[in-house]
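Engineer: There's a structure below that I have some questions on.
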Amino acid sequence: MPTLTVNRQEIEVADGATVLDAAKACGLEIPTLCHHRGVPSAGACRICVVEATSRGRTRLIASCAYPAEEGLVVQTESERIKRSRKMTLELLLARCPESERIQEMARELGVDTPRFKTENRNQKCIMCGLCVRVCNQVIGVGAVCFSGRGQTREVVTPYKELSDVCIGCGACAVVCPTGCIDPAEFRDKLLERIPNEFNCGFDSRRSIYVPFPQAVPNKPVIDRENCIHFRTGGCGACAQICPAGAIDYEAEDEFTEEKVGAIVVTTGYQLYNPAAYEEYGYGRYPDVVTSLEFERMVSASGPTGGNVYRPSTFEYDDDGKIVGGEKPMVCVFVKCVGSREEVKHKPYCSNICCMYTAKHTMLYEHKVHDGQAFVFYMDVRAPGKNYEQFVRRVAKEKTATYIRGRVAKIFPRNGKMVVWGADTLSGNQVEIDADLVVLAAAVVPSSGAVDLAQKLRIGYDEHEFFNEAHPKLRPVETNTAGIFLAGACQAPRDIPETVAQASGAAAKALGLVVRDEYEREPIVACVDENTCNACFNCEPVCAYGAIGEKEIRDRKGNLVKIVAEVNPGLCQGCGACAVTCRSNSIEVEGFTDAELYAEIDALVP
Amino acid sequence: MAEQTSPPTAHHVGRAQLLVCAGTGCVSGRSLKVREALLEEIDKRGLKDEVKIVATGCQGFCAQGPIMIFQPDGIFYQKLKPEDVPLLVEEHLIKGRPVEKFMYVPSAGEPPIPKLSDIDFFNKQRLIVLRNRGLIDPEKIDEYIGREGYQALAKVLASMTPEEVIDEMTRSGLRGRGGAGFPTGVKWGFTRKAPGDDKCIICNADEGDPGAFMDRSIIESDPFSVLEGMAIGAYAIGASHGYVYIREEYPLAMERLHIAIDQAREYGLLGEDIFGCGLNFDISVFRGAGAFVCGEETSLISSLEGRMPEPRVRPPFPAQSGVWNMPTNINNVETWANVPVIMRRGAEWFSSIGTDTSKGTKVFSVVGNVNNTGLVEVPMGTTLREIVFGIGGGIPNGRKFKAVQTGGPSGGCIPASLLDLTIDYERLGEVGSIMGSGGLIVMDERTCMVDVARYFLEFLVDESCGKCTPCREGVAQMHGILERICAGQGRDDDIEMLIELAEYVKDSSLCALGGTAPNPVLSTLKYFRDEYTAHIADGKCPAGVCKALIQYSISADACKGCTKCARVCPVGAITGAKKQPHTLDRSKCIKCGACYESCSFDAVLVE
């Protein structure tokens, strides 16, 4: 931890810090050009010169590259420094009269028009070498380098050809102080944008990112497949920049084991893929979107900042963010895409589509005032509190034209999406030239629901929704004790229903764990340890995972035998194990063979 | 001359030894052909067993090459041609009559000087670094050993600790001969003390100054002294490996270096367990592509590591972190060649030579408008006058001395008024020049100082690596201004602008190349400002060099009508009958100066 003096102020800085770091720590501003905090410094442009005195000698040094040495005395403002910086800028301005950054810096330092002229005029490149350094030393690729020296120096790829080595990461363009690098000059194929999953792939994200704004925990993660550090071993810019030192490339996913008293399953739902309707062309035509994709578009924190654009007309900036597009003037909403379609798709009603489509038509009207919305529907189902009134409001305010009927085909024509459908009330065929078509796809359980159900030993129906213990009396419990359900993993549900069920599940779970003693069913199975021969045929038949192992030891702690054991908290007393047991060692309490025979004997004298 | 009088002791010594110079200068003057002719002639005459012919390294007197020294008589023969050999052998070897025809004549009309030891060029020098030049065959390690070679290494390994070696070096007062003049012993001490398992030493043989050939000649004439010096350094510093960074343009030096390294390895003087004292040290030769900036130590390291040669900010200094982050000690060829002598004869002896602050000798390559161009070694503190007039033999063609440029392209020009300046690091610095690696360019009255500054800046613009703004842009702008002045388009504020730029480049550049680049301008402005003003204000080039500012004419009075000028004129601008004054047609004249150079009567005038 060296201590040095900057403008008569003593400051202690970290080992490896530069004079520039020390000056910054003192709150001093030093102009820089060839310096970037994520790239090793070279001290090339000489804009950041300061006076440094060590061993009795005062020299101009490049503060960005000179190490903060113990006892160094630094002066950041003096006539000598000013003269040097002015001359540097005057020379750079003579070289790059077109560069805005240089013009701006020159103005700040009071350089008007340079007294010099150069044959290399009209270049924006100031030969600072940041691009070369970032590519070689940070990214670890080495696709660009300097060629020639002195006046003939230039930044090139090997043999001045498009480079296979270049990975198209664009780091060179990011660090360039004068913005004169176009990575397309180095490689024909640029690094592909990483689609932002949370925004349905409409925009792109970086390889280190916070998955979505309200993510828990709200912390960035690294996408190893796309991260340059994991691809080339280079970069490491995030680690270098992170002031908290929180970046750990060695971190691995790990399994943790916790013992818990209750589990609430809330795995939610996903949308049925409407590509199953070939005739709707979802996936083929960008202007046919799902309701969730539309939902992201109208969200103020979404990829378009709340603007509704036709996806085929998205305009992107250099960062992959959507900055513009064409507003859809005619928007068609198609309901029951996959729902209530017994033959090919899902027989059930998805419950939420009627209400959110009504909401979408209103939002659409807010975003595109003079737009026209059509809704194709089978029935409007609004069975919640005030739901009917909401739908009526939509009808009353004429935010959308409701057409009762199904859509037969969607196809592009002259830049529009043509929607063919039927109006069954009037008995007419309908054709609409739409700009955007929104499909209200069916609600299906999240992928992996079956896997999870099997792990948890809970039941699920033919559509893979989890089964509750009893549809009317025990709607939040499963047949497995201690496991509860909430939300759309059980059936399509809207928000109020989900919240209500989740509250119920939470109360049930709490009810289990807050008591000192656990109250269980009295009728559970029980193992006769004397006769159990540990065949464990009972284990696979137990639907509730209640069978475990028990070790029987003598007084000295030597293992005598292993027997089956019933966890009475899990056992539901179904008796499947009792009928499986060959040695008759497992019986349901209160319903043992002896008791049953005794009852029979009493009934049949 | 004490070091030079004893003849070679190695191998069989015959009746006579003919030492033929095989330095680059003489080789390009066909000295190897002379040697072949000698061998053939001696064979023919049956003198093969009696006479030994040795190809030596550079003798230093390059202006007179090819040269040969006839031992044991010590007769110096010069400007030999293969066809002269039969006569020489017949006369000198058979009949015992030295041939006057091939002897050195100091100036026209004077009697020839037969003995090398009587020639001023040689006897005014003091040879330490070049102690073996012309005396040994640089391709035979035995001859080096015969001249007390490797005694120093043996002494060091047998009786001194590394600390004692460094102390001895420090007390000797030897300063880096590459130019900066940093005390060598202190530098070694830094590298020894730097933490690191392995260390590295480098011999900087990237001699890039135009007209300088000290390092090349040292390696060509005595490569073993450099290898021995490096082995001593390796022991003192604790390095296991050394590199010689030499430019590709020195093929002969490189070849001799390779031969020397191979022989040293064969003798166990390089490699594992040298002298059985446990020292492991080997040397590799690294061929540089000849960029001037590679002489700068951090650029050299960068180049050695396979990267583009560009200087970097120091600290860390190479002594802390050099080649592949190892503590690295870099010394110049001449510095290393001094080491064995210092170790053998002691620090006290060495420090008794030279001035208060600069000890020992310095090798200079004396070139330019001087009679005896060549390589000279003189004690520190010798005056410029002694070098230019005593050893160099003055200015040819009876012209007047104007200036001497020291220190290579980034050195400065020293005017006639400072001829009595004693040469050492401090004195040269005081007058605005530098020691540099020892280039010494003599200029006569027909040299335009603005043009000289322009020439050196052109070199520096070309050789600037381009990394930092001041050197890349600033020096180029200065060069542009000088071009303008030489073209007669100088502006009133040009001198001021030159000074402003020069101060800036000197102050703000990243490395010493930029830091010293303005020296040619600053020193010529300091001593020859009137020439600049003559160019700018009067539109004249007083020395008659800058073509845009001069006119040639022929003086009718002085012209004898010899027709020489008319014959050399490439455009036929000069006409006139024989023995009649000639006339020059200015409309045709391209100002090439051929007539001016050729006229024996000073009848061609420049204005």
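So the protein sequences, as listed, match chains A and B. When you line the first sequence up against our numbering, it's residues -15 to 589, in that order. When you line the second sequence up against our numbering, it's residues 118 to 724, in that order. Each residue gets a CB set at the ideal place from its N, CA and C atoms; glycine is no exception. Treat the numbers as computed from the prediction; the structure is a model and nothing was measured.
1. Nearest CA to the CA of V563 of chain A: which residue from A:C510, A:V422, A:N412?
2. Quick check on the DSSP output: the alpha helix (DSSP H) that includes D611 of chain B runs from which residue to which?
3. For C582 of chain B, decide whether its Cβ has a neighbour in chain A, counting only Cβ atoms nearer than 7 Å.
4. Can you pull the chain B neighbours of M71 of chain A, defined as C-beta to C-beta under 7 Å?
5. Which runs of the beta strand (DSSP E) at least 3 residues long sit entirely within the segment 127 to 158 of chain B? Give them in chain order.
6. Counting contacts by CB-CB distance shorter than 7 Å, is Y50 of chain A in contact with chain B?
7. Taking DSSP's pairing of strands, which residues face N446 of chain B in a bridge?
8. Would you decide whether C226 of chain A is buried or exposed? Buried here means 16 or more other CB atoms lie within 10 Å of its CB.
9. Could you tell me whether any Cβ in chain B is nearer than 7 Å to the Cβ of S68 of chain A?
10. Look up Q195 of chain B in the DSSP assignment and say whether it is helix, strand or coil.
11. Could you tell me if H353 of chain A is buried or exposed, where buried requires 16 or more neighbouring beta carbons within 10 angstroms of its beta carbon?
12. Do D537 of chain B and T500 of chain B have their C-beta atoms within less than 7 Å of each other?
13. In chain A, which residues lie with their C-beta within 8 Å of the C-beta of G591 of chain B?
14. Taking all protein chains shown into account, do 16 or more other C-beta atoms lie within 10 angstroms of the C-beta of T97 of chain A, making it buried, or fewer, making it exposed?
15. How should V118 of chain A be labelled, buried or exposed, when 16 other C-beta atoms within 10 angstroms of its C-beta is the threshold for buried?
16. Quick check: what's the CA-CA separation for R364 of chain B versus E414 of chain B?
17. Check each candidate in A:T482, A:G541, A:M281 and name the one with the smallest Cα separation from F182 of chain A.
18. Is S567 of chain A near N514 of chain A, with beta carbons less than 7 Å apart?
19. Name the chain A residues whose beta carbon is nearer than 8 Å to that of A99 of chain B?
20. Go to F358 of chain A, then tell me how far its beta strand (DSSP E) extends in each direction, as first and last residue.
21. Does the Cβ-Cβ distance between G265 of chain A and V273 of chain A come in under 7 Å?
22. Would you mind stating whether G124 of chain A and G22 of chain A have Cβ atoms separated by less than 7 Å?
23. Helix, strand or coil: which one does DSSP assign to P229 of chain B?
24. Indicate whether the contact test is met: 3 or more Cβ pairs, each with one atom in the segment 528 to 544 of chain B and one in the segment 449 to 467 of chain B, closer than 8 Å.
25. Indicate whether at least one CB of chain B lies closer than 7 Å to the CB of G27 of chain A.
26. Between V3 of chain A and the rest of its own chain, which residues show a CB-CB distance below 6 Å, the 5 nearest in sequence each way excluded?
27. Do you know offhand how far Q474 of chain A's Cα is from Q121 of chain A's?
28. Give a yes or no on whether 7 Å exceeds the smallest Cβ distance from V495 of chain B to chain A.
29. Grab me the residues of L73 of chain A's own chain with a C-beta within less than 8 Å of its C-beta, minus the 5 sequence neighbours each way, in chain order.
30. Taking the alpha-carbon positions, what's the P457 of chain B to I165 of chain A distance?
31. Using 8 Å as the threshold, is the segment 313 to 330 of chain A in touch with the segment 349 to 369 of chain A, meaning 3 or more CB pairs across them?
32. Within the continuous beta strand (DSSP E) that includes R41 of chain A, where are the two ends?
33. Beta-carbon of F170 of chain A versus every beta-carbon of chain B: anything under 7 Å?
34. As a quick exercise: from B:T308, B:L233, B:S342, pick the residue whose alpha carbon is nearest that of R248 of chain B.
35. Which residue's Cα is closest to the Cα of E724 of chain B: B:Q668, B:K272, B:A275, B:V273?
36. Can you find a C-beta in chain A that's less than 7 Å from the C-beta of V430 of chain B?
Structural biologist: Quick look at the numbers:
1. A:C510
2. 611 to 625
3. Residue contact with chain A for C582 of chain B: present (Cβ-Cβ distance below 7 Å to some residue of chain A).
4. Per Cβ cutoff of 7 Å: Y621.
5. 133 to 138
6. yes
7. In the DSSP assignment, N446 of chain B is bridged to B:I318.
8. exposed
9. yes
10. coil
11. exposed
12. yes
13. M71, L75
14. exposed
15. Counting Cβ neighbours within 10 Å, V118 of chain A comes out buried, since at least 16 surround it.
16. 14 Å
17. With distances taken between Cα atoms, F182 of chain A lies closest to A:M281.
18. no
19. The displayed coordinates of chain B run from 118 to 724. Any statement about residue 99 of chain B would go beyond what the structure contains.
20. 356 to 361
21. no
22. no
23. coil
24. The segment 528 to 544 of chain B is not in contact with the segment 449 to 467 of chain B.
25. yes
26. S47, Y50, A52, V58
27. 53 Å
28. no
29. I31, I86, M89, A90, L93, V95
30. 54 Å
31. yes
32. 41 to 46
33. no
34. B:S342
35. Selected option, being the one with the closest Cα: B:Q668.
36. For V430 of chain B, the answer is yes, since a Cβ of chain A falls inside 7 Å of its Cβ.
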